[in-house]
Amino acid sequence: MSTPIRIVRSRIVVLPARDVDTDQIIPARFLTTTERDGFGGALFADWRFDAAGQPRPEFALNRPAAQGAQILVAGPNFGCGSSREHAAWALRDFGFRAVVSSSFADIFRSNALKNGLLPVQVDAPILDWLNANPGVEVTIDLEARELGLPDGSSVVFPIEPFARYRLLHGIDELDFLLARSGAIEAFERSRVE
Amino acid sequence: MSPRSLFEKIWHAHEVVPETADTPAVLYIDLHLIHEVTTPQAFAGLDARGLRVRRPARTLGTLDHSTPTAPSRSLAGIPVRDSQAAAQVAALERNARAHGIELLDLGDPRRGIVHVIGPELGRTQPGMTIVCGDSHTSTHGAFGTLAFGIGTTEVGHVLATQCLLQRKPRSLAVTVNGRLGNGVAAKDLVLAMIGRLGVDGGAGQVIEYRGEAIGALSMEERMTICNMSIEAGARAGMIAPDETTYAYLEGRRGAPAGEAWTRAVARWRGLASDTGAAFHGEVTLDTATVEPMISYGTNPGMVVPVGGSIPERGDAAFLQALAYMGFGPGEPMAGKRVDMVFVGSCTNSRLSDLRAAAEVLRHRKVARGVRMLVVPGSQQVKRDAEQEGLHEIFTAAGAEWRESGCSMCIGMNGDIAAPGQYVVSTSNRNFEGRQGQGVRTLLAAPATAAAAAITGRVTDPRELTA
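Sequence order for the protein chains is A and B. Under our numbering, the first residue of the first sequence carries the number 1, and numbering increases by one thereafter. Under our numbering, the first residue of the second sequence carries the number 1001, and numbering increases by one thereafter.
Below is the structure:
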């Protein structure tokens, strides 16, 4: 059982680059740990900090307006590259609870949904508008599958029905699979040569 | 029954529970490959709930990502780079022991990169479903398997249940007509394909590669192609098994033997896509346009022929990538400075890759000021290469002949370049910082990498081998 998710309401941080890969989200040198926590400090490490470890003031996540924001808006094909779940853990640990983009890489989307990080897919014109309006407040309603914009309008976003149900009710996927042990056993027996 | 594709046949044969509108399919996994980096949290999750690994015999572990590759007479004795990486290695050793999983440990002569050893040991077989907490699991699709990368939470699901919850992906047929030209490698073909499809062109899809050019490839070349499917964003890449596949597998330790082999081959012959099988998308490539390729940007879709020039574009993302690389639009790639050369990775570290590099390096020297690392994909590849004397060609040329591992492909073990340096690399990703902070990666085939090492410049290998 994990914490159910229904509404995320927050200012947005905008990172318009397309094809943001998981090596940028969390560079490989931070992957030698055996823990799931503590990756937030290394999120976008090489974009956030210079060679001396000082924050780059121009980077979106370092701007004062970004502090406390829970929704990241990013360019198309967000999370491409490696399968490292550490990318989803780092975004979550930093404080993000949703990423809005016009498309997501498959493995990243799967990893995000398993960690209470909502991948919210919108059409290009909506993404362009959000990218042009950093700092506005938007509302993600998972139950209604709606992204609410500041002018009161909203757009519906697609989300895999089982993932939505699971997140709304705090259901663990492994519990669901374990409950199918009978079917798995029957399948294994049927395949023995 | 309506005609079915290779992918549909494998998918259907592994559905424990078919998908519905409300729930994904429960998909059975035949082989789960594990390594030190993406498993500790999964085992911890099992332990916290008192769960056991359901099918240890369907699980095989190796150590590759953060392990040292410095030359050594006794690999088991080399210290892992730092205490945290060492703890990660120790965690997999402990977890494998506790759950009865076979682990190819540091001193094991069969150890190597996870996507090299599966096929090498005959554990990767046609018709299987194979997963691993590593995006390049698509490599195994070369054998007509459905193989894909998963996250650590899913690693835990497979450990505990031998199953995954999955929505059925769409299918994409990529047909490659013609034959590759002299001096053109499988790596060049797949780089050209990614350039054509784009880095998200395969998203949500399983690619089946087919056509004359694919049928003519060796298993090692097919692995190079399927390996980089993920760089086009695809869920998996696969090639129907044929005589080439069976000839590779026969007699390998993990492959069936005797009558079981005969039965297995008969079964595998039925896997190929039926005539008229439908795909959600189809793309055709002609080998006539494929030449030795090289990447110029910060994703694997940014590629041109070695003899070509960087495109003239002005959009912000493109210019930002070029700024990172220190290149400008319209510049020719041939002649660009090279500081380091890496031959290795799950893309290009098998015997035929090392032969291709050695052929260019024979009787030649690595240019002054250039450092070249040759990292075999497994300890078996290392022994085979040494049997042929390839290591003597590399060391005589001034290259470093190393122990197996992922090495500079991901740079987790300390094998990295210095900020600002240019690395011609046979690996699969040229993302910013992939081979060290500020390092600029140029992806290429082994022969092109070797040519760059000799001249210290980006060079068409055909100029040196003609």
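Glycine is no exception: its CB is placed at the ideal position from the N, C-alpha and C atoms. Remember, it's a predicted structure, so these values are computed and weren't measured experimentally.
Interface residues of chain A facing residue i [CB-CB closer than 8 Å]
i         : result
B/Ile1150 : Ser83, Ile107, Ser110
B/Ala1317 : Ala17, Arg18, Asp19, Gly75
B/Cys1163 : Leu177, Arg180, Ile184
B/Ser1171 : The premise fails here: B/Ser1171 is roughly 14 Å from chain A at the closest Cβ pair, so nothing lies under 8 Å.
B/Gly961  : The structure shown does not extend to residue 961 of chain B, since chain B is modelled only from 1001 through 1466, so no value can be given for it.
B/Phe1431 : Asp21, Asp23, Gln24, Gly81
B/His1157 : Glu173, Leu174, Leu177
B/Asn1227 : Here the premise fails: no neighbours, minimum Cβ distance about 13 Å.
B/Thr1448 : By Cβ distance, chain A contributes nothing, its closest Cβ being about 23 Å from B/Thr1448, past 8 Å.
B/Ala1021 : Pro161
Identity of the residues DSSP links to residue i by a beta bridge
i         : result
B/Met1293 : B/Pro1305
A/Glu143  : None, per the DSSP bridge assignment.
A/Glu137  : A/Arg11
B/Met1340 : B/Arg1371, B/Val1423
B/Gln1088 : Its beta-bridge partners do not exist; DSSP assigns none.
A/Phe104  : A/Phe78
B/Ala1173 : B/Glu1208, B/Glu1282
B/Glu1259 : DSSP output for B/Glu1259 lists no bridge partner at all.
A/Pro119  : A/Val99
B/Met1238 : B/Glu1208
B/Gly1112 : B/Ser1378
B/Tyr1028 : B/Cys1163
B/Ile1150 : B/Ile1150 pairs with nothing; no bridge assigned.
B/Leu1443 : B/Ser1425
B/Cys1132 : B/Leu1033, B/Gly1149
B/Leu955  : Summary: the structure shown does not reach residue 955 of chain B, with chain B confined to residues 1001 through 1466, and so no result is reported for it.
B/Arg1457 : B/Arg1337
Interface partners of residue i on chain B, CB under 8 Å
i        : result
A/Pro76  : Asp1200
A/Glu160 : Pro1024, Arg1167
CB of residue i within 9 Å of CB of residue j, strictly
i         : j         : result
B/Ile1029 : B/Thr1175 : no
B/Gly1112 : B/Ser1404 : yes
B/Ala1240 : B/Val1370 : no
B/Tyr1296 : B/Leu1322 : yes
B/Thr1441 : B/Val1306 : no
A/Val99   : A/Leu117  : yes
A/Ala17   : B/Ala1317 : yes
B/Glu1102 : B/Leu1060 : yes
A/Gly68   : A/Arg11   : yes
A/Ile159  : A/Pro119  : yes
Close Cβ partners of residue i (< 6 Å) along its chain, the five nearest in sequence each way excluded
i         : result
A/Ala124  : Ser102
B/Ala1085 : Ser1066
B/Ala1357 : Val1343, Pro1446, Ala1450
A/Asp50   : Arg56
B/Arg1222 : Ala1142, Ile1239
B/Leu1464 : Val1360, Ala1451
Beta-carbon proximity list for residue i, same chain, < 8 Å, skipping 5 on both sides
i         : result
B/Leu1164 : Val1026, Leu1027, Ile1029, Val1131, Ile1150, Glu1154, His1157, Val1158
A/Lys114  : Glu85, Ala88, Glu173
B/Val1381 : Gly1112, Val1116, Glu1120, Ser1349, Arg1350, Leu1351, Leu1354, Ser1404
A/Cys80   : Asp19, Val20, Asp21, Thr22, Ala105, Phe108
B/His1035 : Gly1061, Thr1062, Leu1063, Asp1064, His1065, Leu1092, Val1114, Cys1132, Gly1133, Asp1134
B/Asp1274 : Pro1003, Arg1004, Ser1005
Close Cβ partners of residue i (< 7 Å) along its chain, the five nearest in sequence each way excluded
i         : result
A/Ser82   : Thr22, Asp23
B/Val1190 : Thr1224, Ile1225, Met1228
B/Lys1168 : Trp1011, Glu1019, Ala1025
A/Ser154  : Glu146, Leu147, Gly148
B/Gly1330 : Ser1309, Ile1310, Glu1312
B/Val1184 : Val1290, Glu1291, Pro1292
B/Gly1301 : Ile1194, Gly1195, Gly1198, Val1199
B/Pro1256 : Ala1264
Contact set between residue i and chain B, taken where Cβ atoms lie within less than 7 Å
i       : result
A/Ala28 : Ile1410, Gly1411, Met1412
A/Arg36 : Gln1041
Beta-carbon neighbours of residue i, restricted to chain A and to distances below 9 Å
i         : result
B/Glu1212 : Simply none; closest approach about 30 Å.
Interface partners of residue i on chain A, CB under 7 Å
i         : result
B/Val1114 : Chain A residues near B/Val1114: none, gap ~12 Å exceeds 7 Å.
B/Ala1085 : Thr32
B/Gln1088 : Thr32, Thr34
Within chain B, partners of residue i - CB distance below 9 Å
i        : result
A/Phe187 : His1014, Glu1015, Val1016, Val1017, Val1026, Tyr1028, Cys1163
A/Asp50  : Result: empty, since nearest Cβ-Cβ is about 10 Å, beyond 9 Å.
A/Asp46  : Glu1432, Gly1433, Gln1437, Gly1438
_Just to confirm the assignment: which complete beta strand (DSSP E) runs, minimum length 3, are found wholly within the region 1359–1434 of chain B?_
Here the runs fully enclosed are 1371–1374, 1422–1425.
_Ordered list of alpha helix (DSSP H) runs contained in the region 21–74 of chain A, each at least 4 residues_ = Complete alpha helix (DSSP H) runs here, min 4: 22–25, 45–48.
_Continuous alpha helix (DSSP H) assignments of at least 4 residues falling wholly in the region 1187–1220 of chain B_ = Counting only runs of 4 or more, we get 1212–1215.
_If we require 3 or more residues per run, which beta strand (DSSP E) segments fall completely within the region 1035–1071 of chain B?_
Runs of the beta strand (DSSP E) inside the region 1035–1071 of chain B: 1059–1062.
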